[in-house]
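Asker: Per this note's numbering: the sequence shown = residues 287 to 673.
The beta carbon of each residue, even a glycine, is placed where N, CA and C say it ideally should be.
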Amino acid sequence: MNDQKPIIEIKNLTKTYRTDRKRSIVERFRRRASGSTEDFHALKNVSLTVQSGRIFVIMGLSGSGKSTLLRCVNRLLEPSEGEVTIDGKNVIGLTNKELRHLRATKLSMVFQHFALLPHMSVVDNVAFGLRIAGVPVKERRARATEILNLVGLSGWEHRRPSELSGGMRQRLGIARALVMDTPILLMDEPFSALDPLIRAELQQELLRLQRSLHKTIVFVTHDPNEAAILGDDLVILKDGEIVQQGAAKDVLLKPQNDYVKRFIEGVDKTRLLTAEHGLDREFPVTVADTAHPSFDKPSKYGGLIAVVDSDRRPIGIIRSSSADQTYSETAKRHLISDFIQLQLDSPLAPVLPQLSGHATAALVVNEEGRFIGAVTAHSVVRALQAQ
Ligand SMILES: Nc1ncnc2c1ncn2[C@@H]1O[C@H](COP(=O)(O)OP(=O)(O)OP(=O)(O)O)[C@@H](O)[C@H]1O
Ligand SMILES: [Mg+2]
287 MNDQKPIIEI KNLTKTYRTD RKRSIVERFR RRASGSTEDF HALKNVSLTV
337 QSGRIFVIMG LSGSGKSTLL RCVNRLLEPS EGEVTIDGKN VIGLTNKELR
387 HLRATKLSMV FQHFALLPHM SVVDNVAFGL RIAGVPVKER RARATEILNL
437 VGLSGWEHRR PSELSGGMRQ RLGIARALVM DTPILLMDEP FSALDPLIRA
487 ELQQELLRLQ RSLHKTIVFV THDPNEAAIL GDDLVILKDG EIVQQGAAKD
537 VLLKPQNDYV KRFIEGVDKT RLLTAEHGLD REFPVTVADT AHPSFDKPSK
587 YGGLIAVVDS DRRPIGIIRS SSADQTYSET AKRHLISDFI QLQLDSPLAP
637 VLPQLSGHAT AALVVNEEGR FIGAVTAHSV VRALQAQ
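#1: I'd like the list of long-range same chain contacts for G532, defined as Cβ closer than 8 Å, with 5 residues on each side in sequence excluded.
#2: Quick one: complete alpha helix (DSSP H) runs, 4+ long, within the region 369-454?
#3: Does the beta-carbon of K352, which I'm using as the reference point, lie nearer than 7 Å to any heavy atom of ligand 2?
#4: I'd like to know whether the C-beta atoms of G564 and S665 end up nearer to each other than 8 Å.
#5: Where in the region 516-559 do unbroken runs of the beta strand (DSSP E), each at least 3 residues long, occur, reported from the N-terminal end onward?
#6: Do T431 and I470 count as a contact pair if the criterion is CB distance below 8 Å?
#7: My guess is that V281 and V594 are in contact by the Cβ rule of under 8 Å, so how many angstroms apart are they, rounded?
#8: Give the DSSP-derived three-state secondary structure of N511 in the structure shown.
#9: How is the alpha helix (DSSP H) around V573 delimited, first residue to last?
#10: Based on Cα-Cα distance, which residue from F397, H387, E443 lies nearest to M406?
#11: From which residue to which residue does the beta strand (DSSP E) around L471 run?
#12: For A390 and P600, what's the separation of their Cα atoms in angstroms?
#13: Which whole-angstrom value describes the C-beta separation of E512 and Q530, a residue pair presumed to lie in contact below a C-beta threshold of 8 Å?
#14: Note down, in chain order, each residue of its chain lying with its Cβ closer than 8 Å to the Cβ of L480, except the 5 sequence neighbours on either side.
#15: At a cut-off of 7 Å, is D509 close to ligand 2 when judged by its beta-carbon and the heavy atoms of the ligand?
#16: What does a CB cutoff of less than 6 Å around Q542 pick up in its chain, not counting 5 residues either side in sequence?
#17: Leaving out the 5 sequence neighbours to the left and right, which residues in its chain are closer than 7 Å to L492 when beta-carbon positions are compared?
#18: Could you tell me which of S350, G346, A645 sits nearest to F326, measuring between CA atoms?
#19: By a C-beta neighbour count over all protein chains shown, 10 Å radius and 16 as the cutoff for buried, is Y587 buried or exposed?
#20: Going by other Cβ atoms of all chains shown within 10 Å of its Cβ, with 16 needed for buried, is S440 buried or exposed?
#21: What is the C-beta distance between P447 and P404, in whole angstroms, given that I count them as a contact (C-beta under 8 Å)?
#22: Quick one: residues in its chain with C-beta nearer than 6 Å to the C-beta of D610, no 5 flanking neighbours on either side, listed in chain order?
#23: Would the beta-carbon of V504 fall within 8 Å of that of V359?
#24: Just tell me which of N435, L434, I433, D410 has its CA closest to the CA of V423.
#25: Quick check on Q456: does DSSP put it in helix, strand or coil?
#26: Just mark D474 as buried or exposed, buried being the case when its beta carbon has 16 or more other beta carbons within 10 Å.
#27: For L299, does the three-state DSSP call read helix, strand or coil?
#28: Judging by CA-CA distance, which residue of S333, Q337, L393 is the nearest neighbour of R361?
#29: Give the straight-line distance between the Cα atoms of R429 and G459, rounded to the nearest whole angstrom.
#30: Taking the straight line between their C-alpha atoms, what separation do you get for G374 and L299?
#31: Quick check on the DSSP output: the alpha helix (DSSP H) that includes P600 runs from which residue to which?
#32: Quick one: give me the first and last residue of the beta strand (DSSP E) that K330 is part of.
#33: How big is the Cα-Cα spacing for D509 and I603?
#34: Q490 lies in the alpha helix (DSSP H); which residues open and close that run?
#35: Any idea if F315 is buried or exposed, counting beta-carbon neighbours within 10 angstroms, 16 or more meaning buried?
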């Protein structure tokens, strides 16, 4: 998207917990004087930029500082050092009143452990944030009902949270954040407690919602597959420090160190591949109407040859094993004109079943629509092996 701009900027963020609080004052002074304080850095010098409209994933093992980082963004936690800027405004110096305003208008949060209000009905749980913001009762109920519909919970308005399943509670948590209509959504491991099927369903639902709502989502998870499914951008934390960050695809396909490599081992990489990864630039190609098309590498490609027009725009694929036929004879009998055409950034996952089903190829074009190569089952396997 072209209208992206930095919406959250974090610079040199450090969060330190004093772990010697329970010691006597004398002991604390003694230890600090000798330089042996037991300060614990939950975050160390973290810098990152979240672009608007993207899903930014924070990943790391338990205790690596993910929740701490998220909570420093909306100032539920006070950073020890560093800067947090939202929409160009430094949030570190805000008064309590300004903070409340920021949370009501800019950021809402889905908590790691639902944090629902057990004695309130489902609809009132959703409307609660609006109530705090002073929205009149009729309007807040109406907005809450609309959002419950959006997350698939209509009909449950007057139940209590305790009557809902885990997955439904999580939808409710999401509804509570969505109802505030803030541009930024902070989500702390929202799906971790759910079984795999419900989890996959909610991941898809979040993507569906995101396609129409275009929020900026900061999403915490410890699951690399979840990061692969949802993430546009990704940072990996280890002991409070960023060990790698970048476009999610790049981090997951090109881990820069052993820690990241081990961490993302189980990721289903086929989902991350684009035509660029599987591109074979050597794929044989011939221009239509050439009297004798060049069938130079037929065996390697099972006799498949891309056919392009004089502008190198693909018009089909020929399957031929004979090198001595003229183009028009071959084309008459063998031209496959309903072929798959991809751009360099097209995801490969949706076309894999077709590519593996029978010997065929997907033709890849550049931005001007001109043939640059092809993706075959063989080239996909090679791309996967290279990761
Ligand atoms: N109030 C506190 N006092 C001292 N240490 C704390 C405090 N809160 C968190 N920590 C420590 O900071 C570190 C980071 O905690 P955090 O909750 O951010 O981890 P996390 O990555 O979210 O883990 P999880 O995946 O288990 O939720 C942990 O080692 C934790 O023990
Ligand atoms: Mg956490």
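Answerer: Per the coordinate set shown:
#1: Indexing the sequence shown from 1 puts residue 532 at position 246. Contacts found: D519, L520.
#2: Taken in chain order, the unbroken stretches of alpha helix (DSSP H) that lie wholly in the region 369-454 and span 4 residues or more are 382-391, 408-418, 423-436.
#3: As a first step, residue 352 is located in the sequence shown; it is residue number 66 there, counting from the start. Because some heavy atom of ligand 2 lies under 7 Å away, the Cβ of K352 counts as near it: yes.
#4: Residue 564 sits at position 278 when you count from the first residue of the sequence shown. Residue 665 sits at position 379 when you count from the first residue of the sequence shown. A distance below 8 Å separates the beta carbons of G564 and S665.
#5: Considered as a whole, the region 516-559 harbours 519-524, 527-533 as its complete beta strand (DSSP E) runs of no fewer than 3 residues, in chain order.
#6: Residue numbering aside, residue 470 sits at position 184 when the sequence shown is read from its first letter. Residue numbering aside, residue 431 sits at position 145 when the sequence shown is read from its first letter. No.
#7: Absent from the structure is residue 281, since the part of the chain shown begins at 287 and ends at 673.
#8: Taking the sequence shown and counting its residues from 1, the one referred to as residue 511 is at position 225. Of the three classes helix, strand and coil, the one that applies to N511 here is helix, per DSSP.
#9: Taking the first residue of the sequence shown as 1, we reach residue 573 at position 287. That residue, V573, is in no alpha helix (DSSP H); its beta strand (DSSP E) goes 571-573.
#10: Position 120 of the sequence shown, counted from the first residue, corresponds to residue 406. Checking every option, the nearest Cα to that of M406 belongs to E443.
#11: One-based indexing of the sequence shown puts residue 471 at position 185. From DSSP, the beta strand (DSSP E) with L471 extends over 470-474.
#12: Residue mapping note: residue 390 aligns to position 104 of the sequence shown, counting from 1. Residue mapping note: residue 600 aligns to position 314 of the sequence shown, counting from 1. Cα-Cα distance, rounded: 53 Å.
#13: For the purposes of this step, residue 512 is taken as residue 226 along the sequence shown, with counting starting at 1. For the purposes of this step, residue 530 is taken as residue 244 along the sequence shown, with counting starting at 1. Not a contact, Cβ separation roughly 17 Å.
#14: For this step, residue 480 is matched to residue 194 along the sequence shown. G452, G453, Q456, L488, listed in sequence order.
#15: Against the sequence shown, residue 509 aligns to sequence position 223. Checking the Cβ of D509 against ligand 2 gives no.
#16: Indexing the sequence shown from 1 puts residue 542 at position 256. The beta carbon of Q542 is closer than 6 Å to those of Q530 in its chain, skipping five residues each way along the sequence.
#17: Position 206 of the sequence shown, counted from the first residue, corresponds to residue 492. Counting only Cβ-Cβ distances below 7 Å, and skipping sequence neighbours, we find L516.
#18: Position 40 of the sequence shown, counting from 1, holds the residue named residue 326. Of S350, G346, A645, the smallest CA-CA separation from F326 is found for S350.
#19: As a working note, residue 587 is residue 301 in the sequence shown. Counting Cβ neighbours within 10 Å, Y587 comes out buried, since at least 16 surround it.
#20: On the sequence shown, position 154 is the one that residue 440 refers to. By the beta-carbon neighbour count (other beta carbons within 10 angstroms, threshold 16), S440 is exposed.
#21: Looking up residue 447 in the sequence shown gives position 161. Looking up residue 404 in the sequence shown gives position 118. Separation of the CB atoms of P447 and P404 is rounded to 6 Å, and the pair is thereby assigned contact status at 8 Å.
#22: Start at 1 with the first residue of the sequence shown, and residue 610 comes out as number 324. In this prediction, D610 has a pLDDT of 49, which is less than 50 and means its spatial position is unreliable; nothing more can be read from the coordinates.
#23: Your numbering for residue 504 matches position 218 in the sequence shown. Your numbering for residue 359 matches position 73 in the sequence shown. A contact, by the Cβ cut-off of 8 Å.
#24: Numbered from 1 along the sequence shown, position 137 holds the residue referred to as residue 423. Residue D410 is the option with its Cα nearest to V423.
#25: Translated into positions along the sequence shown, residue 456 becomes position 170. Note: Q456 maps to helix in three-state DSSP.
#26: Along the sequence shown, one-based indexing puts residue 474 at 188. Here D474 is buried. Its C-beta has 16 or more other C-beta atoms within 10 Å.
#27: Indexing the sequence shown from 1 puts residue 299 at position 13. Here L299 sits in strand by DSSP.
#28: Residue 361 sits at position 75 when you count from the first residue of the sequence shown. Residue L393 is the option with its Cα nearest to R361.
#29: Reading the sequence shown from its first residue, position 143 is the one you call residue 429. Reading the sequence shown from its first residue, position 173 is the one you call residue 459. Rounded to the nearest angstrom, the two C-alpha atoms are 15 Å apart.
#30: Here residue 374 corresponds to residue number 88 of the sequence shown, with the count starting at 1. Here residue 299 corresponds to residue number 13 of the sequence shown, with the count starting at 1. Near 16 Å, if we compare the C-alpha coordinates of L299 and G374.
#31: Here the question's residue 600 lines up with position 314 in the sequence shown. Where P600 is concerned, there is no enclosing alpha helix (DSSP H), although the beta strand (DSSP E) it sits in stretches over 600-605.
#32: Walking along the sequence shown from the start, residue 330 turns up at place 44. 326-337 is the span of the beta strand (DSSP E), which, as asked, contains K330.
#33: Looking up residue 509 in the sequence shown gives position 223. Looking up residue 603 in the sequence shown gives position 317. Those two C-alpha atoms are separated by around 41 Å.
#34: The count along the sequence shown starts at 1 and reaches residue 490 at position 204. Membership of Q490 in the alpha helix (DSSP H) is indicated by the continuous run 482-499.
#35: As a working note, residue 315 is residue 29 in the sequence shown. If you draw a 10 Å sphere on the C-beta of F315, you find fewer than 16 other C-beta atoms in it, and that means exposed.
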